[in-house]
Amino acid sequence: MLVNGAVIAGKSAVKGRSAEETEQIRVVLRERFESLDTEYAQAVADNHQLRLVEIGDAAGDDQADSGSKTAERDAATSLLRTLLDRREQAELALQRLDEGAYGNCESCSQPIPVARLEVFPSATTCVACKSTRERRAG
Ligand SMILES: [Zn+2]
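Per the working numbering: the sequence shown ends with 169, consecutive numbering throughout.
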């Protein structure tokens with residue numbers, strides 16, 4: 032068997048995946064990264080505002096008030112962390128795609144269908160292997 036695909040598409044070729052599909056995945060991942068980036072920037076701005084408001088009226092707070100503000104701030108912090116994580120995952124996926132290491136099942140090394148990657152960009156196994164694993168685990 033000749034590995035035509037890999038030669039034509041260069042280093043971004045993934046085993047069994049066409050250059051078009053790889054490009055399609057790249058677009059999906061980039062869009063995801065950009066939307067998470069925007070969301071993160073917005074959350075940072077909101078969080079900043081929250082802190083400013085807090086500093087502004089901290090003096091007159093009673094105990095219950097500052098308690099609910101702590102909860103609000105904790106929620107904001109955990110949202111930031113989640114967004115940062117997901118943004119990083121998208122970034123890593125893009126890097127791995129460039130290295131030709133993204134989108135193949137780590138179990139059977141077949142290409143994971145684009146439709147699955149669009150929904151779960153961090154998927155590392157195909158549906159078949161995932162369900163096999165879950166059966167074993169459960
Ligand atoms: Zn698999």
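For glycine and all other residues, C-beta sits at the position ideal for the given N, C-alpha and C.
- When the beta-carbon positions are compared, I56 and G131 stay at least 8 Å from each other.
- Taking a contact to require three or more Cβ pairs closer than 8 Å, the region 96-111 and the region 135-148 do not qualify as touching.
- Beta-bridge partners of P142 (DSSP): N135.
- Apart from sequence neighbours up to five positions away, the residues of its chain that approach L114 with a beta-carbon distance below 8 Å are L67, E70, Y71, A74, ordered along the chain.
- Under the three-state reduction of DSSP output, R48 falls in the coil class, being neither helix nor strand.
- For A121, the number of other beta carbons within 10 angstroms of its own is at least 16, and it is reported as buried.
- With contacts defined as CB atoms closer than 8 Å, L123 and R61 fail to qualify as a contacting pair.
- The straight-line gap separating the alpha-carbon atoms of Q141 and A159 is approximately 11 Å.
- Around the beta carbon of T101, a 10 Å sphere encloses fewer than 16 other beta carbons of the protein chains shown; the residue is thus reported as exposed.
- Distance from L128 to T53 at the Cβ level is roughly 7 Å; contact confirmed, criterion being Cβ atoms closer than 8 Å.
- Its Cα nearest to that of T156, the residue I143 stands out among V150, R167, R166, I143.
- In the DSSP annotation of this structure, the continuous segment of the alpha helix (DSSP H) that includes T163 starts and ends at 158-168.
- In the displayed model, E103 falls within a helix according to three-state DSSP.
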